[in-house]
Amino acid sequence: MSPNQKKALALLVAFLISVIVGLGAAFLMKGMVENASTWQCLALCGAVFLCVFFGSVEVIDLFDFPDTRPSAQPPAGEGQ
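FYI, in my numbering the residues of the sequence shown are 406 to 485.
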């Protein structure tokens, strides 16, 4: 895989995890707070999603994704 494909896969996983954590926070708020409106739960979901996703992006940016594709160089000594 190319480095860009690896980074895109890591960002996709971070996005999906952020969605799950955000929705979980919204459902927990709805269950714990008796008079929580839907808009408050949605706002919490968005805030938690953004915090987790941008934190994940910062952590992913710290890593180097090497190129694991085989090199396309011709063998040395061929054609001489």
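Just so it is clear, CB atoms sit at the ideal spot from N, CA and C, and this is done for glycine as well. Keep in mind that this is a model prediction, so the values were computed, not measured.
Reduced DSSP secondary structure (H/G/I, E/B, other) of residue i
{"i": "residue 439", "result": "coil"}
{"i": "residue 417", "result": "helix"}
{"i": "residue 407", "result": "coil"}
{"i": "residue 467", "result": "coil"}
{"i": "residue 477", "result": "coil"}
Pairwise C-alpha distance: residue j and residue i
{"i": "residue 432", "j": "residue 415", "result": "26 Å"}
{"i": "residue 457", "j": "residue 428", "result": "12 Å"}
{"i": "residue 460", "j": "residue 434", "result": "22 Å"}
{"i": "residue 436", "j": "residue 422", "result": "21 Å"}
{"i": "residue 407", "j": "residue 439", "result": "50 Å"}
{"i": "residue 473", "j": "residue 409", "result": "11 Å"}
{"i": "residue 445", "j": "residue 465", "result": "30 Å"}
{"i": "residue 448", "j": "residue 412", "result": "29 Å"}
{"i": "residue 417", "j": "residue 462", "result": "10 Å"}
{"i": "residue 452", "j": "residue 471", "result": "33 Å"}
Cβ separation of residue i and residue j, assumed to be a contact under 8 Å, to the nearest whole Å
{"i": "residue 468", "j": "residue 424", "result": "Rounded, the Cβ-Cβ distance is 22 Å, inconsistent with contact."}
Heavy atom of the ligand GTP within 7 Å of residue i beta-carbon
{"i": "residue 406", "result": "This structure simply doesn't include the ligand GTP, nor any ligand for that matter."}
Assigned exposure category for residue i - 16 Cβ within 10 Å defines buried
{"i": "residue 430", "result": "buried"}
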